[in-house]
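S.K.: First the structure, which I've put down as structure tokens, then a few questions once you've had a look.
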Amino acid sequence: MTVRIVLGAQFGDEAKGKIADFLAGTARIVVRSGGGPNTGHTVVLPEGPVVLHQLACGVLRHGVTAISGPGMVLQPFKLEDELRALDERGLHRGEVVLSDRAHVILPAHELEDVWEDELRSQSDPAAALGTTKSGIGPAYADRYARWGIRLTDLSRPGALRERLGLLYATKSHLPGLPPLEEVVSRLAEVGGRLAPMIRPTEPILWDALARGESILLEGAQSALLDIDFGTYPYVTSSHPTSAGALVGSGIPPTELDEVIGVAKAYSTRVGAGPYPTEDTGERGEFLRRVGGERGATTGRARRCGWLDLVLLRYVARLNGLTSLAITKVDVLGGLDEIPVCVSYRMPDGTIVRDAPPTRADDLARAEPVYENLPGWPELHERAKERLRREGGAALPSALVRFLDFITQATDVPVRYVGYGAHRDETVDLGPTAPRARRSPLAAWSG
Ligand code: IMP
């Protein structure tokens, strides 16, 4: 039995949907514990690609329970659409359970998300966060203000009307707010349709722990978008860290076995915010084109750049990573040299290796110091076939050196290597040695 967390170790979109799906093959339960429809986890099945937004990837496997957990904010109408689309394709295979404690994203939250980002950009165009406009920030804000609506409230129209009245009292500034009565009746209706799936999810997890079953916590968004440890204010409103995954599911920390961080062999970011290794030139364009770097939720072109080991080291420590999954190595195949950022030179000349500056404006001024590592050949179909057959033994030697370099820099072994979009295009290098002692911090900027 194992309890594993798989989480994004960069700014999102690291192909963690694919790695989560790979790991779900040995899990009985998969749990999403934070975020909501801002997520787009792509899994490429033999039947074609599927993008999951609010459902855990266990839904794609027979005999697996897919929990949308207490820490999430769910948009019930979009959730119904997602389920319907899976049903129509015959891909709804696992059992779906929705935590009764998860909060509801209301039409008011979606309006407010747009209104807030416009407000930010009125004072300064660079201040807009470029959110996914799915109502995430406002829904979490109301959750913490303690007038949020939870899935459990949908089954009690009287209490729902009362709570919604309280929440509506704070929203009169929003243009186009739908009438309260209309929202109450639509929510009660959708609540009725989803009711068979809504229940307490903690006992399901605790029973599974007692029976020794494997549980996978599927992170959404990524550690550098964490509300506290990310590049604030250019972050999401949840905790996409290992600690956040436990809080958002109800699994005690003492049960945790493994934390797998997923990082691309390069990097991308959608939305605004500092990004030291962004490459706005031709090579960035190459990464966007070859990597197919477009947002799975919003369709926005992703900003592209190189692997940043300063940020990855920070994420490794913050989350207690026990192993890394490095994805999309095929995208870099055929390049002579691959730049990897090993430290930052700050405007005052200091060199930072171990931690990004706390302030977003300071991070934006960090100048990346690169080391160029030798590239590996393109991974054509024959090379991929060998990887499928022989696993790690078929990895090109320059790629093995690249992976070793990451391990040296982060003190975290690379266990999984993703070399294509398909479900089976992942090499598992096998269980990793017990975690070595972390090397001491070289420098800490604040
Ligand atoms: P929000 O989560 O919609 O509030 O967006 C806040 C920031 O997080 C924006 O820069 C988004 O582009 C980014 N973001 C949110 N969810 C994801 C994701 O799943 N992948 C990548 N970026 C995301």
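Numbering-wise (this note's numbering), the sequence shown opens with residue 171 and increments by one.
Note that the Cβ used here is the ideal one computed from N, Cα and C, for glycine as well.
Fair warning: this is a prediction, and the values are worked out from it, not measured in the lab.
From R556 to A194, what distance separates their C-alpha atoms?
M.R.: In a straight line, the C-alpha of R556 is about 24 Å away from that of A194.
S.K.: Using 8 Å as the cut-off, can you tell me whether the region 476 to 484 makes contact with the region 506 to 526, which would need three or more C-beta pairs spanning the two stretches below that distance?
M.R.: Judged by Cβ distances under 8 Å, the region 476 to 484 makes contact with the region 506 to 526, as three or more pairs qualify.
S.K.: In its own chain, which residues sit with a C-beta less than 6 Å from the C-beta of S269, not counting the 5 before and 5 after it?
M.R.: The residues are G239, P240, T371.
S.K.: Give me, in chain order, the residues of the same chain whose beta-carbon lies closer than 7 Å to that of A534; leave out the 5 immediate sequence neighbours on both sides.
M.R.: So the list reads P444, once near-sequence residues are dropped.
S.K.: If we require 3 or more residues per run, which beta strand (DSSP E) segments fall completely within the region 391 to 462?
M.R.: You should have 428 to 434, 436 to 439.
S.K.: Give the straight-line distance between the Cα atoms of P349 and I237, rounded to the nearest whole angstrom.
M.R.: Cα-Cα distance, rounded: 32 Å.
S.K.: Which whole-angstrom value is the C-beta distance of A309 and G318, which I expect to be below 8 Å?
M.R.: Contact holds; Cβ gap of about 7 Å.
S.K.: Beta carbon of A179, beta carbon of V587: below 7 Å?
M.R.: Going by C-beta atoms, A179 is not nearer than 7 Å to V587.
S.K.: So if DSSP puts Y338 in a beta bridge, which residue, or which two residues, is it bridged to?
M.R.: According to DSSP, which records beta bridges pairwise, Y338 is partnered with nothing at all.
S.K.: Following the continuous beta strand (DSSP E) through T235, name the residue where it begins and the one where it ends.
M.R.: Note, T235: beta strand (DSSP E), 235 to 238.
S.K.: Could you tell me whether the Cβ atoms of Q691 and P277 are closer together than 7 Å?
M.R.: Because residue 691 is not part of the residues shown, which for the chain are 171 to 616, the question remains open.
S.K.: Which runs of the beta strand (DSSP E) at least 3 residues long sit entirely within the region 516 to 552? Give them in chain order.
M.R.: The qualifying runs are 537 to 544.
S.K.: Less than 7 Å separating the beta-carbons of G305 and D283?
M.R.: In contact: G305 and D283 (Cβ atoms closer than 7 Å).
S.K.: I'd like to check one pair, A197 with C227: are the Cβ atoms closer than 7 Å?
M.R.: No, these two residues do not count as a Cβ contact at 7 Å.
S.K.: Helix, strand or coil for P277 per DSSP?
M.R.: Three-state result, P277: helix.
S.K.: Going by other Cβ atoms of all chains shown within 10 Å of its Cβ, with 16 needed for buried, is S408 buried or exposed?
M.R.: Per the 10 Å Cβ criterion, buried.
S.K.: Return yes when at least one heavy atom of ligand 1 lies under 6 Å from the C-beta of N208, else no.
M.R.: Yes, ligand 1 has a heavy atom inside 6 Å of this Cβ.
S.K.: Over the uninterrupted beta strand (DSSP E) stretch that includes P219, give me the two end residues.
M.R.: Taken as a continuous stretch (DSSP letters only), the beta strand (DSSP E) holding P219 covers 218 to 222.
S.K.: Report the option in E388, D524, R316 whose CA atom is closest to the CA atom of Q224.
M.R.: Considering only alpha carbons, the answer is E388.
S.K.: Reducing DSSP to helix, strand and coil, say where S615 ends up.
M.R.: Caution applies to S615, whose pLDDT of 46 falls short of 50 and renders its modelled position unreliable; the value that the coordinates give is listed next. S615 falls in the coil class under three-state DSSP.
S.K.: DSSP state of T577, grouped into three classes?
M.R.: Helix at T577.
S.K.: Nearest CA to the CA of D133: which residue from A390, T340, G545?
M.R.: Beyond the ends of the chain as shown, which are 171 and 616, falls residue 133; an answer cannot be given.
S.K.: With distances taken from CA atoms, which of E537, R331, L364 is nearest E252?
M.R.: When only C-alpha atoms are compared, the closest one is L364.
S.K.: Quick check: is any heavy atom of ligand 1 less than 6 Å from the C-beta of V243?
M.R.: Answer for V243: no, Cβ out of range of ligand 1.
S.K.: Decide if A415 is buried, meaning its Cβ has at least 16 other Cβ atoms within 10 Å, or exposed.
M.R.: The residue is buried, with at least 16 neighbouring Cβ atoms inside 10 Å.
S.K.: Given that a residue counts as buried once 16 or more other Cβ atoms are within 10 Å of its Cβ, and exposed if not, what is L203?
M.R.: The sequence as given places Ser at residue 203; Leu does not occur at that position. Buried.
S.K.: Would you say the region 546 to 564 touches the region 411 to 431, given that touching needs at least three Cβ pairs under 8 Å?
M.R.: The region 546 to 564 is not in contact with the region 411 to 431.
S.K.: Based on Cα-Cα distance, which residue from T497, L395, K248 lies nearest to K188?
M.R.: Measuring from the Cα of K188, the nearest candidate turns out to be T497.
S.K.: Straight-line CA distance for P373 to D427?
M.R.: Straight-line Cα distance between these residues: approximately 20 Å.
S.K.: Please state the DSSP three-state secondary structure of T596.
M.R.: If DSSP states are grouped into helix, strand and coil, T596 belongs with the strands.
S.K.: Would the region 570 to 590 and the region 487 to 506 be scored as touching if the rule is three or more Cβ pairs under 8 Å?
M.R.: Enough Cβ pairs lie closer than 8 Å, so yes.
S.K.: Which residues in the same chain have their Cβ closer than 6 Å to the Cβ of L357, if we skip the five residues on either side of it in sequence?
M.R.: Correct list, in chain order: L324.
S.K.: Quick check on Y589: does DSSP put it in helix, strand or coil?
M.R.: Coil.
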